[in-house]
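Protein chains in written order, with the numbering used here: chain A, 6 to 232; chain B, 6 to 232.
These notes concern the structure reproduced below.
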DNA sequence: TTGTCCTATATGTACTACATATAACCAAAT
DNA sequence: ATTTGGTTATATGTAGTACATATAGGACAA
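Below is the structure:
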């Protein structure tokens with residue numbers, strides 16, 4: 006028991022490896038030089054010599070930056086700074102099975118927040134064609150088995166995000182989905198608010214933004230009640 | 006000009022290096038074995054032999070997983086699976102200067118969506134003490150210079166996120182802040198909606214959740230109008 | 001401008017070697 | 001029985017060498 010109390014006060018010593026340090030140093034270097042995408046970087050051997058470490062270490066650090074999409078390396082040319090895909094790194098880590106429960110809960114709530122905040126973008130950008138498609142999804146739900154419904158649930162909410170015209174947001178949602186599914190499966194209450202998908206489509210067609218916000222809240226209500 | 010158009014449609018061929026492949030293979034391995042945090046993994050030399058690559062390559066792959074916090078390596082013991090900090094990877098990449106414009110715009114909107122969706126969590130969790138503190142921040146804004154106001158803007162909205170009791174959300178906001186600041190600085194319209202911080206506090210004290218949502222929309226309105 | 005050949009060179013990969021921290025084991029001590 | 005201390009085997013951390021390979025860039029030709 007006392008050991009756990011200790012752990013809170015005394016964080017374990019984490020000796021940074023050379024690769025850790027070099028990674029930071031290189032990142033600092035990129036920032037300090039205010040390099041822009043496309044600019045080329047020194048070659049590995051030069052970096053190694055300048056930093057006073059083996060090329061091995063430099064490569065480990067670069068391997069990380071490469072994974073994040075910050076730099077690209079090409080034979081003979083050397084390295085060039087690239088525009089990283091900010092969600093790429095995220096995707097690799099977001100496995101419900103290895104995330105701790107507190108974070109899992111946070112992410113669950115994060116999705117609720119996103120979904121509640123969607124309305125403004127939605128009403129600014131929705132088109133008749135979008136709504137038609139959305140309606141088709143909602144209508145296909147009638148008299149279907151549970152498995153189909155889950156698939157449709159994903160399709161419907163996915164379409165909503167898509168309608169915002171915000172690619173990053175949409176990808177973000179796709180990433181968060183497994184977490185959401187995992188958590189709801191855990192709680193395993195068969196949940197559906199007073200307003201279903203068809204209800205939301207109706208509002209989208211005829212109602213105001215405020216109507217939609219209220220509708221979405223009712224739709225997600227079981228989740229909110231569970232907070 | 007034509008070259009840039011081409012780049013969008015024809016992504017350059019990216020030959021996967023061994024490290025890329027090994028990274029995926031190890032990740033698959035972790036998943037397939039359904040390992041839980043704390044479980045130990047084979048040692049580097051065994052992995053290298055099993056995969057038929059040099060230890061070097063394995064170390065590059067592991068270096069990436071270590072950076073993401075997925076695994077921890079300890080001398081003699083080998084590696085153990087860890088609970089990754091999902092935002093850690095994010096933080097490294099989220100530099101407004103190296104993110105492309107489209108994504109920058111997406112992230113800007115993402116923050117708007119978050120802020121609009123905050124209300125439900127906020128009303129579920131806010132305490133009197135929170136509101137007091139928030140009010141103090143809002144009141145300290147009177148008759149201050151521009152620099153102070155920017156600092157205060159951050160403090161105020163930060164406090165809102167904090168009040169949700171959602172750590173991940175709060176950290177997320179902290180990360181998004183530089184992007185938001187960068188984009189607004191770019192647009193450089195001195196923006197402030199009809200409702201200011203003190204107005205929001207008033208609603209939080211006496212108004213309903215719906216009032217708050219409308220208030221927040223008005224507060225952020227200049228940004229929405231700019232969509 | 002387009003196509004072909006050539007070459008220098010930076011990355012990609014493999015292998016060896018050794019330092020170092022430490023988990024695991026055992027023994028002594030309280 | 002639990003703690004303390006010393007020893008050792010071992011997996012990681014780092015360095016260094018070597019070589020294969022793709023290719024940027026130049027020269028030249030059509």
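We put the CB at the ideal spot given by N, CA and C, even for glycine.
Determine the burial state of residue 8/A: buried for a count of at least 16 other Cβ atoms within 10 Å of its Cβ, exposed for fewer.
Here residue 8/A refers to the residue found at position 3 when the first chain is read from its first residue. In this prediction, residue 8/A has a pLDDT of 42, which is less than 50 and means its spatial position is unreliable; nothing more can be read from the coordinates.
Listed in chain order, which residues of the segment 149 to 170 of chain B have Cβ atoms closer than 7 Å to some Cβ of chain A?
So the list is empty, because no residue satisfies the distance condition.
What residue range is occupied by the uninterrupted beta strand (DSSP E) comprising residue 163/A?
Position 158 of the first chain, counted from the start, is the residue given in the question as residue 163/A. Careful: residue 163/A lies outside any beta strand (DSSP E), inside the alpha helix (DSSP H) at 151 to 168.
Quick test of the definition: if touching needs 3 or more C-beta pairs under 8 Å, does the segment 141 to 157 of chain B touch the segment 81 to 94 of chain A?
With the cut-off at 8 Å, the segment 141 to 157 of chain B and the segment 81 to 94 of chain A do not touch.
Along chain B, which residues have their Cβ under 9 Å away from the Cβ of residue 181/A?
Residue 181/A sits at position 176 when you count from the first residue of the first chain. Residues of chain B passing the Cβ test: none, with the nearest at roughly 11 Å.
Compute the beta-carbon to beta-carbon distance between residue 226/B and residue 204/B, rounded to the nearest angstrom, for a pair I have assumed lies under 8 Å.
Within the second chain, numbered from 1, the residue matching residue 226/B stands at position 221. Within the second chain, numbered from 1, the residue matching residue 204/B stands at position 199. Wrong, their Cβ atoms sit about 12 Å apart, outside the cutoff.
From the DSSP output, which residues share a beta bridge with residue 78/A?
On the first chain, residue 78/A is found 73 positions in, with the first residue counted as 1. Partner(s): 84/A.
If you reduce the DSSP assignment to three classes, tell me which class residue 46/B lands in.
As a position in the second chain, residue 46/B is number 41, starting the count at 1. Strand, per DSSP.
In angstroms, rounded to a whole number, what distance separates the CA positions of residue 207/A and residue 130/B?
The count along the first chain starts at 1 and reaches residue 207/A at position 202. The count along the second chain starts at 1 and reaches residue 130/B at position 125. Near 31 Å, if we compare the C-alpha coordinates of residue 130/B and residue 207/A.
Can you pull the chain A neighbours of residue 187/B, defined as C-beta to C-beta under 7 Å?
By 1-based counting over the second chain, the position of residue 187/B is 182. Chain A residues near residue 187/B: none, gap ~14 Å exceeds 7 Å.
Considering only residues of the same chain and omitting the five flanking positions on each side of residue 216/B, which have a CB-CB separation below 8 Å?
Within the second chain, residue 216/B is the residue found at index 211, counting from 1. Cβ neighbours of residue 216/B beyond the five flanking positions: 208.
Hey, residue 224/B and residue 161/B are a contact pair by Cβ (cut 8 Å); roughly how many whole angstroms apart?
Numbered from 1 along the second chain, position 219 holds the residue referred to as residue 224/B. Numbered from 1 along the second chain, position 156 holds the residue referred to as residue 161/B. About 10 Å separates the two Cβ atoms, so there is no contact after all.
Could you compute how far the alpha carbon of residue 45/A sits from the alpha carbon of residue 187/A?
Start at 1 with the first residue of the first chain, and residue 45/A comes out as number 40. Start at 1 with the first residue of the first chain, and residue 187/A comes out as number 182. Whole-angstrom Cα-Cα distance: 43 Å.
Pick from 92/B, 76/B and 120/B: whose alpha carbon is nearest that of residue 124/A?
In the first chain, the residue the question calls residue 124/A occupies position 119. Of the listed residues, the one whose Cα sits closest to residue 124/A is 120/B.
Do we get a CB-CB distance below 8 Å when we pair residue 128/A with the residues of chain B?
As a first step, residue 128/A must be located in the first chain, where it is residue number 123. No, residue 128/A lies away from the interface with chain B (no Cβ there is under 8 Å from its Cβ).
Quick one: is residue 116/A buried, meaning 16 or more other Cβ sit within 10 Å of its Cβ, or exposed?
Counted from its first residue, the first chain places residue 116/A at position 111. Residue 116/A comes out buried.
Out of 138/A, 52/A, 163/A and 95/A, state which residue places its alpha-carbon closest to the alpha-carbon of residue 83/A.
On the first chain, position 78 is the one that residue 83/A refers to. It is 52/A whose Cα lies nearest to the Cα of residue 83/A.
Take residue 210/A as the anchor and find which of 63/A, 177/A, 71/A and 138/A has the nearest alpha-carbon.
In the first chain, residue 210/A corresponds to position 205, counting from 1. It is 138/A whose Cα lies nearest to the Cα of residue 210/A.
Does the beta-carbon of residue 112/A have 16 or more other beta-carbons within 10 angstroms, so that it is buried, or is it exposed?
Taking the first residue of the first chain as 1, we reach residue 112/A at position 107. Buried, by the Cβ-count rule.
Using beta carbons (cut-off 8 Å, strictly below), is residue 95/B in contact with chain A?
The residue given as residue 95/B occupies position 90 in the second chain. So, interface residue.
DSSP state of residue 68/B, grouped into three classes?
Here residue 68/B corresponds to residue number 63 of the second chain, with the count starting at 1. Three-state DSSP puts residue 68/B in a helix.
Does the beta-carbon distance from residue 64/B to residue 49/B come in below 8 Å?
Taking the second chain and counting its residues from 1, the one referred to as residue 64/B is at position 59. Taking the second chain and counting its residues from 1, the one referred to as residue 49/B is at position 44. Result yes, Cβ atoms of residue 64/B and residue 49/B sit closer than 8 Å.
Do residue 60/A and residue 68/B have their C-beta atoms closer together than 8 Å?
In the first chain, residue 60/A corresponds to position 55, counting from 1. In the second chain, residue 68/B corresponds to position 63, counting from 1. Not a contact, by the Cβ cut-off of 8 Å.
Assign residue 122/A to buried or exposed, taking buried as 16 or more other Cβ atoms, counted over all protein chains shown, within 10 Å of its Cβ.
Position 117 of the first chain, counted from the first residue, corresponds to residue 122/A. Residue 122/A comes out buried.
Report the rounded CA-to-CA distance for residue 155/B versus residue 184/B, giving the unit in angstroms.
Residue numbering aside, residue 155/B sits at position 150 when the second chain is read from its first letter. Residue numbering aside, residue 184/B sits at position 179 when the second chain is read from its first letter. About 14 Å.
List the residues of chain B that residue 120/A touches, going by C-beta distances under 8 Å, in chain order.
Along the first chain, read from residue 1 onward, the residue named residue 120/A stands at position 115. Simply 122.
Taking buried to mean at least 16 other C-beta atoms within 10 Å of its own C-beta, is residue 228/A buried or exposed?
Within the first chain, the letter at position 223 stands for residue 228/A. It is buried - the Cβ of residue 228/A has at least 16 other Cβ atoms within 10 Å.
Does the beta carbon of residue 63/B come closer than 8 Å to any beta carbon on chain A?
Translated into the one-based positions of the second chain, residue 63/B becomes position 58. No, no contact with chain A.
Taking just the CA atoms, how far does residue 190/A sit from residue 101/A?
Start at 1 with the first residue of the first chain, and residue 101/A comes out as number 96. Start at 1 with the first residue of the first chain, and residue 190/A comes out as number 185. One C-alpha to the other measures close to 12 Å.
Could you work out which residue in 97/B, 135/B and 192/B is closest to residue 170/B when comparing CA atoms only?
Taking the second chain and counting its residues from 1, one reaches residue 170/B at position 165. Among 97/B, 135/B and 192/B, the Cα nearest to that of residue 170/B belongs to 135/B.
Excluding sequence positions up to five away, which residues of its chain have a Cβ less than 8 Å from the Cβ of residue 176/B?
Working through the second chain from its first residue, we reach residue 176/B at position 171. If we look at residue 176/B and ignore the five residues flanking it on each side, its Cβ neighbours are 92.
With a cut-off of 8 Å on the beta carbons, I'd call residue 27/B and residue 56/B a contact; round off their distance for me.
Walking along the second chain from the start, residue 27/B turns up at place 22. Walking along the second chain from the start, residue 56/B turns up at place 51. Going by Cβ atoms, the distance from residue 27/B to residue 56/B rounds to 6 Å, so yes, they are a contact pair.
Apart from the five residues just before and just after residue 174/B, which ones in its own chain have a Cβ nearer than 7 Å to its Cβ?
Numbered from 1 along the second chain, position 169 holds the residue referred to as residue 174/B. Counting only Cβ-Cβ distances below 7 Å, and skipping sequence neighbours, we find 166.
Residues in the same chain with beta-carbon distance under 6 Å from residue 140/B, minus the five sequence neighbours each way, listed in chain order, please.
Locating residue 140/B in the second chain gives position 135, where the first residue counts as 1. Same-chain partners within the cutoff: 206.
With residue 221/B and residue 95/B assumed to form a contact (beta carbons below 8 Å), what rounded beta-carbon distance in angstroms separates them?
The residue labelled residue 221/B in the question sits at position 216 within the second chain. The residue labelled residue 95/B in the question sits at position 90 within the second chain. Not confirmed; about 25 Å, so no contact.
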